[in-house]
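Undergrad: The sequence shown begins at 3 in our numbering and counts up one residue at a time.
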Amino acid sequence: MRELENAIERAVALETTDQIQIERLPKAITIDQSPATAEDGIPIPEGTCDLEEFLAKVECHLICTALKRADGNQTRAAEILKITKGSLRHKIQVLQIDPWTYRRRLPDAEA
């Protein structure tokens, strides 16, 4: 996660357009990006930008996406994000994410 934060901070500082272009990010971060995401970039808000708030939103989005992909399994989500389960749990608590929201619900068994 720290690598992502540093890469975004650097990209925001160097970007001359209103969106961070995928080319401005390190290859390690852009691997497995869909073509649509790669072309769209990350929009930079109009006017001033609170970097901490912006990074928290990006981090929250990535964590929620990983939880969804892992059906709410925090161990698998941490593996997807390449962070420890403890770090993920801490970030979930700080960002006030409800991991149970991402658990796949099984259909009710009929008796």
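Using N, Cα and C, we set each Cβ at its ideal position, and we do this for glycine too.
Sort out for me which residues DSSP pairs isoleucine 22 with in a bridge.
TA: As a first step, residue 22 must be located in the sequence shown, where it is residue number 20. BP columns for isoleucine 22 point to Ile44.
Undergrad: Would you kindly work out how many angstroms separate the C-alpha atoms of aspartate 73 and lysine 87, rounded to a whole number?
TA: By one-based count along the sequence shown, residue 73 stands at place 71. By one-based count along the sequence shown, residue 87 stands at place 85. Cα to Cα, the separation comes out at about 15 Å.
Undergrad: If you draw a straight line from the alpha carbon of isoleucine 82 to that of isoleucine 94, how long is it in whole angstroms?
TA: Counting from 1 along the sequence shown, the entry for residue 82 is found at position 80. Counting from 1 along the sequence shown, the entry for residue 94 is found at position 92. The alpha-carbon atoms of isoleucine 82 and isoleucine 94 are separated by roughly 15 Å.
Undergrad: Using DSSP with H/G/I as helix, E/B as strand and the rest coil, what is glutamine 76?
TA: Counting from 1 along the sequence shown, the entry for residue 76 is found at position 74. Helix.
Undergrad: How would you label alanine 38, buried or exposed, when you count the other beta carbons within 10 angstroms and need 16 or more for buried?
TA: Working through the sequence shown from its first residue, we reach residue 38 at position 36. Note on alanine 38: pLDDT 40, under 50, position unreliable in the model; no value is reported.
Undergrad: Taking the C-alpha atoms as reference points, what is the distance between aspartate 100 and isoleucine 85?
TA: The count along the sequence shown starts at 1 and reaches residue 100 at position 98. The count along the sequence shown starts at 1 and reaches residue 85 at position 83. The straight-line gap from Cα to Cα measures roughly 18 Å.
Undergrad: Whose C-beta lies closer than 6 Å to the C-beta of lysine 70 among residues of the same chain, with five residues either side of it excluded?
TA: Sequence index remark: in the sequence shown, residue 70 carries index 68 (1-based). These residues qualify, in order along the chain: Tyr104.
Undergrad: My assumption, with CB atoms under 8 Å, is that leucine 97 sits in contact with alanine 58. Please give the rounded CB distance.
TA: One-based indexing of the sequence shown puts residue 97 at position 95. One-based indexing of the sequence shown puts residue 58 at position 56. Confirmed, about 7 Å.
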